[in-house]
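Just so you know, the sequence shown maps onto residues 547 to 1367 in the working numbering.
From the three backbone atoms N, C-alpha and C, an ideal C-beta is built for every residue, glycine too.
First comes the structure, then the notes that go with it.
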Amino acid sequence: MPASRACVAAAPCPLSCYLVTEGPGAVLHAPEEPSNPSGGMASPMSGAAPRRAHAAIAQRGLPLRSSGPTRPRAEETVCMSKGSKRSISFHASHSPACAILLARQHPERSDTQVQVSLDELQNLLAGLGIRVAHTVVQRRAAAASSTVLGEGKQAEVAALLAEARREHGEESVLVVVDEALSPGKLRTLENALEVEVIDRTGVILRVFEQRARTQVAQLEVEMARLTYEAPRVREDASLGDREGGGGRGGRGHSNVELKKQRIRERVASLRRALDEQRAVEEKQRARRRDALRVALVGYTNAGKSSLMRALTGSDVLVEDKLFATLGTTVRALSPETAPRILLSDTVGFIRDLPHELVASFHSTLEEARDAGLLLFVADASDPAFRDQLRVTRETLDAVGASGVPSRVLLTKIDRVDASTRAALAAELPDAVQVCAHDPDDIRGLRDALVAFFAQRMTEETFVVPFGDGRLLGEIRAEARVVTETYTDEGVVLSVRALPEAIGRWKRALPEGPPIEAVADLVEAARRHGLQLTTVAGDFDRTGLDFLVVHARDEEGVPWIVRTPRRPEVFASSCVEARALRLVRPRLPVAVPDWRVHAREVIAYPRLDGTPAITVDPSSGYSWNIIAPGALPEAFLDSFADTLAALQAIPPEEAADAGVPTKTIAEARQALAKAMEATRGVLAPSEVMWTRWHRWLEDDALWPQHLALVHGDLHPGHLLLGADGRMQGVLDWTEAQVTDPSLDFAMFAGCFGREALDALLTRFERAGGKTWPRLAEHAAERWAAFPVLGAEWALRTNNTAVLEFTRAQLAATEATAAPTQR
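Here's what the structure looks like:
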C-alpha cells in the first residue's frame, strides 16, 4: 500500500478515514458514509463510523474535508468500526455480501407485479456485488400498515438471518426491503431483526453513486443521497451525549445536530456547484434550442445507449446492466442531415424512482422537455415492458414533458420469435420494432426520424443581402436549401426549416417595403422569383385575413397572391402551411400548393373549380352550380369522401406535424369562456343562453374521440366542378385536431338538418367514424356559432363581423323549435 494512502486508524479502533497528503499540510478525508471499493454494499446511512472518524481527526488537529463522491482505489484498506452492528465493510478481496429480500404485497398488487419488482431489485443488488440468499413476501391487507412484518414473518426472517450468518459470517448479511421506508419504520425493523436494513430507495441511490462518472452526475447523486440521509440521522451513543460547539457555558450541540449541520452545509455547497454546472449546460442547450432534437427515454437497460451508438456512430458506453450510464449525451445523427438532427441519450428510469433523484437529474429532464420528439425505448423481450413504459410516461408527465410528440421503439426485437413480433405489431401498431445491431432496422429508423421533422418544416424564401455572410451561413447550416439563385438584391434561398428558425431569420432580415397597393404585392412576389402580371387593378377584399391579387405568370398560368391584413395572420399561416403539407397527399380533392410563403406574401397556382358561393360587395352572396335546397348526389358523395379521408388521418400524426390540438374538455371550456366574453355584445335570450349551456354540459352529446378538421368549411372555400362534385378546398387556417363535429356543424348551418342526415349516411359508408347523437350535437354546435364569430370580431375589432353574428343569432332564435324556446 502506498505510504501516502495508508490507513491511519489504530487496530483496536479502525476508522473509516485515510491520509491524503503528508507533512504539515496533511488533510484527512472522512467519508460521509463508508466506501466500498469492491462495489459491495457498505454500511449505509447510519453515520456512526463517519462521526467517530470526524472525532478522531479533530483530536489529531488535522483539517477535515468531506470526501464527497471520491472513493478509495481497490488496493486501499477501508476500515469500519467493529463496535457497531450497523457497520458492514467489504474489502476488494472479500466475498460479496448476501441479503434477505423482503417485499410487502397489498391487495392491489398482483403476484406478477410483486415478482417483477423483486427481480428488478435483485438485479440492482447484483450490480453492487450483493447476492440474494432468500426472498420473503409479507401479504398485508393495507398499504398503510404501521409495521413491515407481522410476528410470524418476523420470526421466519430471523431464522433465515441466523442461517445466513452461520454460512457467510456475522457482518456479511443485510436485509433489503422492496419499498421506500420511513426513517421510523426502518429503525423499528432494524431493532427487531438486529441487522442492517436498507430500503429500495437506498439501493437505487447506491447504484447511482457507484455508476456516476461525470462531475455533474456525481454532484447530483451526492446531493440526492444527503437529502435522503438527513431525516435518518439519529443519536450514536459511541460519541457521547454532546460534542462541543455550544459556546460559553453552553452544553454544546448533540451529535445529531452536528451531523445535520454538516449535511446542510454540504448540500448548500453542492447546490452552488450544481448551479454553476447547470448554467453552463443551459448555455449549451440554448445554442441548440432551434435545432432538431430527439431524446431517447425509457427504462434503464432498455437499449438506449445501443441505439445511440448505432444511430450516431459515437463511442458511448454500452453495458447490459441497470444504470450503466447516468449522464446525458448529445450527438448528431449519422450520416448527418441538413439540417442536423441531434440525439440525446438520457438517464434511465425505474419504478419508484426516488424523488430526490427526480429533482436532482435536472439535465436529463430538461433534455426530454425541450426535445422535438421523444423516443420511448422499451425492451420487447422483457415481459414487463408495458409497465416500464407506464413508469417512464408518468415520470415525464410529472416534469411537464407530456406535450412533446412521442414514438415507441421496441428494441431487442431479435430476442423474440416471429409470433411475438406479430402480436406486438397488432397490439402497438404505431410502435417501431428495431434491433440495434441490424443495419436495415437502423437505416429505417433514421429515415423515420428525418421524415418526422420534414413534415414539421415550413418552406420559405429569403432574399439575403450579399454582405450578410453570417446569416447566409446560419441558414445553410440549419435549413435544407431547396433552391439558391442570385439577383441584384442578394441571394434568393428557398429553404425548408422549422417555423421557429424561419421566424428568427425573418427578424434578422431588414423589413421590406409595406404592401399598400397591388403593385407592391406583385413586386414582393418578384423578389421571391415570380414574374406575374395582375388581372385586376385592385385587391380582392372579400377575405377576412388576406388581401388577394389575381395574376398570371409568363406562361399564362393563373396565380393567387395574398398578403396578410394583420401582423398576427402570418403565425396562423404557418399552421396552415403545415396542415396543407399533411393533407395534400391524403385527400381526394386538391388543396393549395404554396410556392412562396413569406411574411408579406403567399403565392400559389390557382386551383381548378368554381367556389360554391361568391360574395359581391353590392349584391351580396351568390350560389354557384349547386342550390342549398337541392344538393346533387355528386356534391354529397364527394363531401363525405373528403371528410372521411380527412378524419382518417391519425390525430397523433397531425399533432406531430405541428397542427394544433384541442381536447374535447378544452373545446368545451373554450366555448364556455367565449360565451361569457360575448354575452354582453350578443345579448342572447335566456332561452338561448340556457340552450347553449345545456348542450355544453350534456356529456352524452359530445364525442369520445378527436379528429383532424378543416375548421371553416363554408361554401366559399369549396371548389366545384360542373356537376357539383368537390374538386378543391381552400383556406386551411383553422385546421386543428379537436371535436369531429366542427365541419358537420358548418354543413348543417348552410344546408339544413335533412342534408346533414344524408351526408352522415354517406360519411359512414366512406369509413367515417360517428357516434349516436352526432347530428344533434352538430345542430347544437351551429346554434352556438355566433359566439365564436363574435369572439373573433372582438379580438380583431371587426364591427362588420360582429353585426353579422348578431344577425345570425337572431335568425337562430327565430327558427328555434318550440321546445327550445
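Using three-state DSSP, classify residue i as helix, strand or coil.
| i | result |
| --- | --- |
| P577 | Low confidence applies to P577: its pLDDT is 39, below 50, so where it sits in the model is not reliable, and the reading given next is rough at best. Coil, per DSSP. |
| I1148 | strand |
| E1057 | coil |
| T1029 | strand |
| S890 | strand |
| V980 | coil |
| I1106 | strand |
| Q1077 | coil |
| F1181 | helix |
| D1269 | coil |
| R1111 | coil |
| R808 | helix |
| S728 | coil |
| F1008 | strand |
| F1085 | coil |
| R1022 | helix |
| P1157 | strand |
| S1119 | helix |
| T1279 | coil |
If you drop the 5 nearest sequence neighbours on each side, which residues of the same chain put their C-beta closer than 8 Å to that of residue i?
| i | result |
| --- | --- |
| G1295 | W1328, F1331 |
| V1147 | I1061, L1067, A1070, A1071, H1074, V1107, R1108, T1109 |
| F1369 | Residue coverage of the chain in this structure runs from 547 to 1367, which leaves residue 1369 outside it and unanswerable. |
| L1017 | V1010, W1051, A1054, L1055 |
| Q761 | Q823 |
| S952 | L919, L920, L921, F922 |
| A1223 | E1337, L1340 |
In chain order, what residues of the same chain have a beta carbon less than 6 Å from the beta carbon of residue i, not counting five sequence neighbours either side?
| i | result |
| --- | --- |
| P1206 | Q1282 |
| C1120 | T1004, P1045 |
| L735 | V694, V743 |
| A1312 | A1186, D1187, A1190 |
| P1178 | G1270 |
Exposed or buried, residue i, counting other C-beta atoms within 10 Å across all chains shown (16 or more means buried)?
| i | result |
| --- | --- |
| S663 | buried |
| K805 | buried |
| V1227 | exposed |
| A1025 | buried |
| A1357 | exposed |
| K829 | exposed |
| V741 | buried |
| S948 | exposed |
| Y1032 | exposed |
| V1255 | buried |
| K1219 | exposed |
| Q979 | buried |
| S656 | exposed |
| N737 | exposed |
| Q756 | buried |
| H1263 | buried |
| P885 | buried |
| Y522 | Since the first and last residues shown for the chain are 547 and 1367, residue 522 lies out of range. |
| F1012 | exposed |
| R746 | buried |
| Y845 | buried |
| N801 | buried |
| S1231 | exposed |
| E1349 | exposed |
| Q807 | exposed |
In its own chain, which residues sit with a C-beta less than 7 Å from the C-beta of residue i, not counting the 5 before and 5 after it?
| i | result |
| --- | --- |
| P975 | none |
| V504 | The structure shown does not extend to residue 504, since the chain is modelled only from 547 to 1367, so the question has no answer here. |
| L1126 | V1137, P1138, W1140, W1278 |
Using beta carbons (cut-off 9 Å, strictly below), is residue i in contact with chain D?
| i | result |
| --- | --- |
| Y774 | Protein chain content of the structure displayed is limited to a single chain, and chain D is not contained in it. |
Problem set entry | Three CB pairs or more closer than 8 Å across the segment 640–659 and the segment 670–684 | Yes, the segment 640–659 touches the segment 670–684.
Problem set entry | alpha helix (DSSP H) runs wholly inside the segment 908–965, at least 4 long, in chain order | Counting whole runs of 4 or more residues, the segment 908–965 contains the alpha helix (DSSP H) stretches 908–916, 931–944.
Exercise. Enumerated in chain order, which unbroken segments of the alpha helix (DSSP H) with a length of 4 residues or greater are wholly contained in the segment 1288–1366?
Worked result: The qualifying runs are 1288–1297, 1299–1311, 1320–1329, 1331–1342, 1345–1360.
Problem set entry | Length-filtered (4 minimum) alpha helix (DSSP H) runs lying within the segment 657–690 | Note on the segment 657–690: whole alpha helix (DSSP H) runs with a minimum of 4 residues are 657–673, in chain order.
Problem set entry | Runs of beta strand (DSSP E) wholly within the segment 1218–1267 (minimum 3 residues, chain order) | List check, beta strand (DSSP E) in window: 1253–1255, 1264–1266.
For this session: Evaluate the contact criterion for the segment 948–964 versus the segment 915–933: three or more CB pairs, one atom per stretch, below 8 Å.
Result: The segment 948–964 makes contact with the segment 915–933: 3 or more CB pairs, one atom from each, lie closer than 8 Å.
For this session: Evaluate contact between the segment 1315–1329 and the segment 1230–1248, counting only Cβ atoms and requiring at least three cross-stretch pairs below 8 Å.
Result: The segment 1315–1329 makes contact with the segment 1230–1248: 3 or more CB pairs, one atom from each, lie closer than 8 Å.
Problem set entry | Sufficient close CB pairs (3 or more, under 8 Å) joining the segment 1334–1349 to the segment 1304–1314 | The segment 1334–1349, when compared against the segment 1304–1314, does not touch it at the 8 Å Cβ threshold.
For this session: Only counting runs of 3 or more residues, tell me where the beta strand (DSSP E) segments fall wholly within the segment 739–781, in order along the chain.
Result: With a minimum length of 3 residues, the continuous beta strand (DSSP E) runs that stay inside the segment 739–781 are 743–745.
Problem set entry | Cβ contact (3+ pairs, closer than 8 Å) linking the segment 1233–1245 and the segment 1080–1088 | With a cut-off of 8 Å on Cβ pairs, the segment 1233–1245 is not in contact with the segment 1080–1088, counting fewer than three such pairs.
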